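Visitor: Every position in the sequence shown, counted from 1, becomes a number in the working numbering once 4 is added. Glycine included, each C-beta is placed from N, C-alpha and C at the ideal position. Computed from a predicted model, the values in this text were never measured in an experiment. Sharing a structure below in structure tokens format, with a few things to ask.
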Amino acid sequence: MKKIRAVVILLFVAVLAACSKDPTGPEEPVTLNVLAWNEKIFNERYGDFFIATHPNYDIRVISVAGNLKPGEDLNLAVNNLINDENPDLIVLPMEFHAVLKENGQLVSLMDRIKRDDFNLSEFTPAVMNSLQDAEGQIYGLTPTFIGSALYYNKKLFEANNVPLPTDSMTWSQVFELAQRFPNTLDNETRQYGLYRPDSDSSYPFMMALRIGEGSGLSFYSNNKFTFSSKSWEEIFQNVADCFQTEVCFDKSQMEAAPTSDRNEVERRSYPFLAGNIAMAVENSSLYRFLVANRERYKELDWDVVSMPVSAEQPDTGNGINMSEIFSISKNSDQAEAAWALIRYVCGEEYARILPRVNPDDLPARPAAHELDEKMGVFYKLKYTNNTLTHKLRELPKPVIVKMDELSQRYFPDIISENITVAEALKMIEQELQTVLDENL
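So this is what it looks like as structure tokens:
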């Protein structure tokens, strides 16, 4: 299979090299220093194609993964590599991009976008709105993204006489549906109403935070915690009820013993495949997997709807992630060459071959492809609010440690009904605020 893929890539490279040489390339050879997470993946997806179509360029990839030391802080590692290697181009996930942009380490692309009349209209709105800041500046572009959606098992809904999920449901509606599924099917098979990748009874606090993020809530602003509110109370109550009634699939209970069984490996990666989970929040990689393995999983009668949102902001959520944002380093002396690579990999021509080169992620330019009808659910959002990781990074380390301690202390009491959610959130807010004030 790998040999076939290599031949296909070589054919694409040959075709592109023959028909799309860069007429405006540099007269003298240019070496671009690129900071990327993984050298091999970067070259397979982008570097080899760019060099084939731009013969006066060479690429040197600085691998973050290859330079990481055990236990090293990721942001510190990235910063050290930028200082030591002085890359021209930085290709990293959105959480790192946000930090680098905030620290003033990136160059705005807007002047070059306007100068070259680079077409942004075909990019999916959620991606574009996420990359463009309040001042209208764009500091990075991406050819792909990873979307999330709500998958559901039609057979379980029919067997339990529960109405099917719909697009743009609220989280309260999803939890309400989940609670309608009994713990067993036919008094034998264990059954669950809902699965999320973060549905872990050992740390349900993070699950609640991510649901709040997707609903447009903030737990921290202007050096003040804001957990003690009706909106947060509703979310934490839903999460607590889900674990208390065992309606939520609990990742902490999954089998951890090593296995070489293919089906078991797949079901550990995607618990929804087992057929006993009514609804599952998963990203677009599960969609790709189910389409590619439709014969093997033909008994799984599934469908998919868009990610749950808040009633107040139905076009906004946290169901989009970008793992490869291309940016130009502020200190680059090859900014034009770096822009040439960005313009190429994020352009219309490369977008047409992208699904064959990277079949896992979704194209940020959907207009360049014939998307299957179901795939449209990943493009429903217009705005993203992936702020949780950034908010947590703003907090002093003692506050994060305290947050972990408090969640472990109060959530068991909530689930066992020794304390109400409102009481717990008020105490969590007060104790976190005390630690924050001591560390400002």
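(1) Compare the C-alpha of residue 357 against each of 71, 35, 69, 148 and name the closest.
(2) In chain order, what residues of the same chain lie with their CB nearer than 8 Å to the CB of residue 403, ignoring the 5 residues before and after it?
(3) For residue 186, collect the residues of the same chain with a Cβ closer than 6 Å to its Cβ; drop the 5 residues on either side in sequence, then sort them by chain order.
(4) Measuring CB to CB, does residue 382 end up less than 9 Å from residue 172?
(5) So, for residue 210: in the same chain, excluding its five sequence neighbours on each side, which residues have a beta-carbon less than 7 Å away from its beta-carbon?
(6) Residue ranges of each beta strand (DSSP E) run of no fewer than 3 residues wholly in the region 269–323, ordered along the chain?
(7) Between which two residues does the beta strand (DSSP E) holding residue 40 run?
(8) Just verifying my parser: in three-state terms, what is the DSSP assignment at residue 108?
(9) Whether or not the region 257–268 and the region 347–355 are in contact is what I'm after, with contact meaning three or more pairs of Cβ atoms, one per stretch, closer than 8 Å; do they touch?
(10) Using the Cβ count rule (16 or more neighbours within 10 Å means buried), how would you classify residue 314?
(11) Measure the CB-CB distance between residue 310 and residue 154 and report whether it falls below 9 Å.
(12) I'd like the span of the alpha helix (DSSP H) that includes residue 181, first residue to last.
(13) Looking at the unbroken alpha helix (DSSP H) that takes in residue 161, where does it start and where does it end?
(14) Looking at the structure shown, is residue 95 part of a helix, part of a strand, or coil, going by DSSP?
(15) Residue 371 by DSSP, collapsed to three states: which one?
(16) Contact defined as beta carbons within less than 8 Å: I believe residue 429 pairs with residue 236. What is the distance between those atoms, to the nearest angstrom?
(17) Given residue 326, which residues of its chain have a CB within under 6 Å of its CB, disregarding the five upstream and five downstream residues?
(18) What residues match up with residue 512 in a beta bridge as DSSP calls it?
(19) Looking only at its chain, what residues have a beta carbon closer than 6 Å to the beta carbon of residue 421, apart from the 5 residues adjacent to it on each side?
(20) Closest by CA to residue 80, which one among 107, 123, 368, 408?
(21) If we ignore side chains and look at the alpha-carbon of each, how far apart do residue 305 and residue 363 end up?
(22) Is it the case that the CB of residue 263 approaches a heavy atom of the ligand NAP more closely than 8 Å?
(23) Could you tell me if residue 18 is buried or exposed, where buried requires 16 or more neighbouring beta carbons within 10 angstroms of its beta carbon?
(24) Using the rule of at least 16 other Cβ atoms within 10 Å of the residue's Cβ for burial, across every protein chain shown, is residue 169 buried or exposed?
(25) Less than 9 Å between the C-beta atoms of residue 189 and residue 165, yes or no?
(26) What does a CB cutoff of less than 7 Å around residue 250 pick up in its chain, not counting 5 residues either side in sequence?
(27) Check whether the region 318–336 and the region 87–101 are in contact - that is, three or more C-beta pairs closer than 8 Å.
(28) Can you list, in chain order, the residues of its chain whose CB lies under 6 Å from that of residue 50, leaving out five sequence neighbours each side?
(29) Taking the alpha carbon of residue 347 as the point to measure from, which residue in 61, 52, 123 has its own alpha carbon closest?
(30) Taking only the alpha-carbon atoms, compute the straight-line gap between residue 68 and residue 35 and give it to the nearest angstrom.
(31) Return the residue from the list 78, 115, 182, 431 that minimises the CA-CA distance to residue 282.
Guide: According to the data block:
(1) In terms of CA proximity to residue 357, 148 leads the group 71, 35, 69, 148.
(2) Cβ neighbours of residue 403 beyond the five flanking positions: 436, 439, 440, 443.
(3) By the criterion of a C-beta distance shorter than 6 Å, residue 186 is surrounded by no residue of its chain, once the five residues flanking it on both sides are discounted.
(4) Contact flag unset, no.
(5) So the qualifying residues of the chain are 202.
(6) If only complete runs of 3 or more residues are kept, the region 269–323 shows the beta strand (DSSP E) at 281–287, 306–310, in order along the chain.
(7) Counting along the chain, the beta strand (DSSP E) containing residue 40 begins and ends at 34–40.
(8) DSSP places residue 108 in coil when its eight states are reduced to three.
(9) Under the three-pair Cβ rule at 8 Å, the region 347–355 does not count as touching the region 257–268.
(10) By the 10 Å Cβ count, residue 314 comes out buried.
(11) Yes, Cβ-Cβ distance for residue 310 and residue 154 is below 9 Å.
(12) Annotation for residue 181: the continuous alpha helix (DSSP H) segment containing it runs 175–182.
(13) Note, residue 161: alpha helix (DSSP H), 158–163.
(14) If DSSP states are grouped into helix, strand and coil, residue 95 belongs with the strands.
(15) Note: residue 371 maps to helix in three-state DSSP.
(16) About 6 Å separates the CB atoms of residue 429 and residue 236; that is less than 8 Å, so the two are in contact.
(17) So the list reads 98, 146, 149, once near-sequence residues are dropped.
(18) The structure shown does not extend to residue 512, since the chain spans only 5 to 444, so no value can be given for it.
(19) None.
(20) It is 107 whose Cα lies nearest to the Cα of residue 80.
(21) If I take the Cα positions, the gap works out to 23 Å.
(22) Ligands are entirely absent from the displayed structure, and the ligand NAP is therefore not among its contents.
(23) Only weak support is given to the placement of residue 18: the predicted model assigns it a pLDDT of 47, under 50, and the question is left unresolved by the model.
(24) Residue 169 is buried by the Cβ-count criterion.
(25) Not in contact: residue 189 and residue 165 (Cβ atoms no closer than 9 Å).
(26) Leaving aside the five residues that flank residue 250 on each side, the residues in its chain whose CB is nearer than 7 Å to its CB run, in chain order, 187.
(27) Verdict: yes, contact present.
(28) Closer than 6 Å at the Cβ level, and outside the excluded window around residue 50, lie 349.
(29) Comparing Cα-Cα distances from residue 347 to each of 61, 52, 123, the minimum goes to 123.
(30) The straight-line gap from Cα to Cα measures roughly 19 Å.
(31) Put simply, of 78, 115, 182, 431 the residue whose alpha carbon is nearest the alpha carbon of residue 282 is 182.
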